[in-house]
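Chains as they are written, first to last, in our numbering: chain A, 84 to 575; chain B, -15 to 80.
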């Protein structure tokens, strides 16, 4: 098998080859390295790669473990021992993680090899990966467009066969939206399902780590490895973890799926709307019952989110002060000058904007009007979902109202960028789980741009949305479509 | 130099310990005025009697055993420090 065919495999198929000893884990790492050399100059998915460390681990790979010998790319906001963890920020220049995040320990225990750190919007703040201080990442389906964000590097790497699977983090849609824009699968678990220990915190009450993969089954495989209680994260839930793979393959007969009427707003790209209409028909023909539901507080979600997320960010990012790790301004005249200039020179504009907004909404005299009110609206949003889930098993919507937009198109208007997350943000506020899977293409100027279907599930019902997602996926060919960048051969 | 909202970017940036250039402060002022105008819509909702929630799935009283465990050595904790000496972080003089 030549390198390009090998890197095109999904995790489940790669494992069959590893277990039958047709390929070794070292050959897999080598094929990935070649693939990355051939295309990553154009895509820009990776911020750092340690081939030598990966090779060493591949030598000792136990391929009979659940993810034995499988390399997994890691968003550069998750600590991997002895590797950089830049958060795509100047302020973490030179930092090397002195420990493994819990998800990395769990991946290693399942036999996986953490492989490469992927690009993101600085501190995961953004929806296009353009806020990275290092570089922009390009969409493998059209190199003039963004991959989405903030986990844009992870999604682009998986779409361009530069990774078999990846970890991302999702605070307001940062796994699901780039997965949708790059035509791959992205799962945001229920808040507390996966430990956040070792994830650099952006908004602690919203952040969750989850998988980005080529298929629904692969997402289930990674969830089996990373889900579960962690005493080091007091918000992680002490609940049993089901076998997410074992539940796949059920048919959709009798499944009740809700379409939130508030989600069919103006501003949805007509081709996205048409794709979702086709999904509804398809699900219907597979035996699912489609029910219109109402989430009346929907239009307040983005506003509540940008108060809560920035408030938490302003507190979390206070730790970057030039003293204990990372960047430090030169020749500070006193300690305030040290803080002020370290943060001025170390943070990019979006991070500064959010810290300032977050500081303001928490400040005396404004706290009640903004932060407290937003937290109450959050409760209303949670109740909306709870009552919808009394009638249906899951909700369906587009993941993003638009397909991948052009690089530079939205960077000067933060508010427009925030509104791109309109369908994903509410799930983080309510703490529920959600998945994005490919459901079609928009045609634009001769390019095919992927469209994502979002399924939202009840708290801790990842198994349920994975089953529905898998049933839909297996009845379509969308997940088999390959971006044009894949035709490129490795350079020799 | 406050804009169309109560937010004074230059003042809040000082609270947040971020030095800003005048240009940056001006750009942020305009952009954040827009964002604050947008979030005003939260005032339309009636939230009387609604509890504020900090977490969507609240978990209370999370305890663990008060037992020692291995963690960073001082050397590991200092491994990323931009300036250190004698096993300590070095900062500019704080007290005269």
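Cβ coordinates follow ideal geometry from the N, Cα and C atoms, glycine included.
From a predicted model like this one, the values you see are computed outputs, not experimental measurements.
In this chain, residue 515(A) is not harboured by any beta strand (DSSP E), its DSSP state being neither H nor E. Counting along the chain, residue 252(A) sits inside the beta strand (DSSP E) bounded by residues 248 to 253. In this chain, the beta strand (DSSP E) harbouring residue 129(A) covers 129 to 131.
Going by DSSP, residue 198(A) is part of no alpha helix (DSSP H) but of the beta strand (DSSP E) stretching over 196 to 201.
Listed along the chain, the chain B residues whose CB falls inside 9 angstroms of the CB of residue 369(A) amount to none; the nearest CB is some 31 angstroms away. DSSP lists 521(A) as the beta-bridge partner residues of residue 535(A). Taking a Cβ-Cβ cut-off of 7 angstroms, the neighbours of residue 387(A) in chain B comprise 26, given in sequence order.
Counting C-beta pairs closer than 8 angstroms gives three or more between the segment 384 to 398 of chain A and the segment 285 to 292 of chain A, which meets the contact rule. The segment 48 to 66 of chain B makes no contact with the segment 22 to 35 of chain B: fewer than 3 CB pairs, one atom from each, lie closer than 8 angstroms. Between residue 207(A) and the set 524(A), 498(A), 422(A) and 232(A), the nearest pair of CA atoms involves 232(A). Shown here for residue 4(B): same chain residues with a beta carbon closer than 6 angstroms to its own, the five before and five after excluded, namely -3 in chain order. Distance from the Cα of residue 120(A) is smallest, within the candidate group 240(A), 536(A) and 444(A), for 240(A). In the structure shown, the three-state DSSP call for residue 167(A) is strand. Our two residues, residue 302(A) and residue 77(B), have alpha carbons roughly 51 angstroms apart in a direct line. DSSP, read as helix, strand or coil, puts residue 44(B) in coil. The C-beta of residue 417(A) comes closer than 7 angstroms to at least one C-beta of chain B.
Within a 10 Å sphere around the beta-carbon of residue 57(B) sit fewer than 16 other beta-carbons, which makes this residue exposed.
With contacts defined as CB atoms closer than 7 angstroms, residue 436(A) and residue 73(B) fail to qualify as a contacting pair. Within the same chain, 165, 166, 167 and 168 come within 8 angstroms of residue 179(A) by CB-CB distance, once the 5 residues on both sides are set aside. Close to residue 458(A), with beta-carbon spacing below 8 angstroms, are these residues of chain B in chain order: 36, 37 and 38. By the rule that beta-carbons nearer than 7 angstroms mark a contact, residue 346(A) does not touch chain B. Annotation: the continuous beta strand (DSSP E) that includes residue 156(A) extends over 154 to 158.
For residue 465(A), there is no enclosing beta strand (DSSP E); the enclosing alpha helix (DSSP H) has its first and last residue at 456 to 471.
In the three-state scheme derived from DSSP, where H, G and I count as helix and E and B as strand, residue 206(A) is classed as helix. In this structure, the CA atom of residue 482(A) is about 6 angstroms from the CA atom of residue 260(A). For residue 484(A), there are no C-beta contacts with chain B under 9 angstroms, since the nearest C-beta of that chain is about 16 angstroms from it. Within chain B, the residues 0 and 2 have their CB atoms less than 8 angstroms from the CB of residue 438(A), given in chain order. Contact annotation, residue 304(A) with residue 277(A): C-beta distance approximately 14 angstroms; criterion of less than 8 angstroms not satisfied.
In the structure shown, residue 397(A) falls within a helical segment according to DSSP collapsed to helix, strand and coil. In summary, the residues of the segment 490 to 503 of chain A whose CB is separated from some CB of chain B by less than 7 angstroms are 497 and 498, in the order they occur in the chain. With respect to residue 229(A), residue 532(A) sits apart: the two C-beta atoms are not nearer than 7 angstroms. Taking all protein chains in view, the Cβ of residue 439(A) is crowded by 16 or more other Cβ atoms within 10 Å, so the residue is classified as buried. For the pair residue 423(A) and residue 106(A), the Cα-to-Cα distance works out to about 53 angstroms.
Any Cβ of chain B closer than 7 angstroms to the Cβ of residue 450(A) would place that residue at the interface, and such an atom is absent. Residue 73(B) belongs to the set of residues whose beta carbon lies under 7 angstroms from a beta carbon in chain A. Listed in chain order, the positions of the segment 5 to 26 of chain B with a beta carbon within less than 7 angstroms of a beta carbon of chain A are 12, 15, 16, 18, 19, 22, 23, 25 and 26.
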